[in-house]
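S.K.: Submitted below is the structure of interest, expressed as structure tokens.
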Amino acid sequence: MLEHQADFQLPPMAEPRIVIEKAKRRLAVFDGDSVVAEFSIGLGFAPDGDKAIEGDGRTPEGDFYIFTQNPESRFFLSLGISYPSREDAERGLAEGLISEEDRRAIIDANGEKRMPPQKTKLGGEIYIHGGGDKSDWTEGCIALKNNEMQALFDAIPVGTPVTIKP
734 MLEHQADFQL
744 PPMAEPRIVI
754 EKAKRRLAVF
764 DGDSVVAEFS
774 IGLGFAPDGD
784 KAIEGDGRTP
794 EGDFYIFTQN
804 PESRFFLSLG
814 ISYPSREDAE
824 RGLAEGLISE
834 EDRRAIIDAN
844 GEKRMPPQKT
854 KLGGEIYIHG
864 GGDKSDWTEG
874 CIALKNNEMQ
884 ALFDAIPVGT
894 PVTIKP
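Here's what the structure looks like:
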């Protein structure tokens, strides 16, 4: 297992997936059931609890997928996480945060594994990106050291499942 090496690459993977454990400030990369690498992470500036609304500083929890690779991120490199999810859309509609039209657009995007709407009251633009893991400083994203983000960016394709646990 790779862990905190200066410059490295992740091996080719047949079944990549990412599991983030917020309480442990850890991102694990799996190939099937095998852990390939683990990285320490920084989270949103208010890390406790699930993301509820735009601007709350929380990192979302649940099951997502990578919808894009962004080589021009303002935080080195980034991988887009498919927040809001179908469950977030249902909650948002029930709480009066989004319209039925927004709910449908989120559900359709998730069903087609593409980018869900990013500018609703639920928030959006949640990424795994570089910039450092020394504190909880993001607006809800997951931050890694830049060299670790490079390895992750090179190894993780669009569509990779991401689970974010409390």
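Those letters in the sequence shown? Residues 734 to 899, per this note's numbering, in order.
Glycine included, each C-beta is placed from N, C-alpha and C at the ideal position.
If you're wondering where the values come from, they're calculated on a predicted model, not measured in any experiment.
Since ARG759 is in the beta strand (DSSP E), which residue starts that stretch and which ends it?
M.R.: 759–764 is the span of the beta strand (DSSP E), which, as asked, contains ARG759.
S.K.: Could you give the distance in angstroms between the alpha-carbon of GLU833 and the alpha-carbon of GLY892?
M.R.: Cα to Cα, GLU833 sits roughly 26 Å from GLY892.
S.K.: Rounded to whole angstroms, what's the CA-CA distance from ALA890 to ALA747? Just pull it up for me.
M.R.: The amino acid occupying residue 890 in the given sequence is Pro; Ala does not appear at that position. In a straight line, the C-alpha of PRO890 is about 11 Å away from that of ALA747.
S.K.: Any contact between the stretch 764–771 and the stretch 868–880? By contact I mean 3 or more CB pairs, one from each, below 8 Å.
M.R.: Because the criterion of three Cβ pairs below 8 Å is not met, the stretch 764–771 and the stretch 868–880 do not touch.
S.K.: Name the DSSP bridge partner or partners of VAL895?
M.R.: Its beta-bridge partners are ILE751, PHE797.
S.K.: Within its chain, find whatever has a CB closer than 8 Å to the CB of ILE831; leave out the 5 residues flanking it on each side and keep chain order.
M.R.: Contacts found: ALA822, GLY825, ILE839, THR853, LYS854, LEU855.
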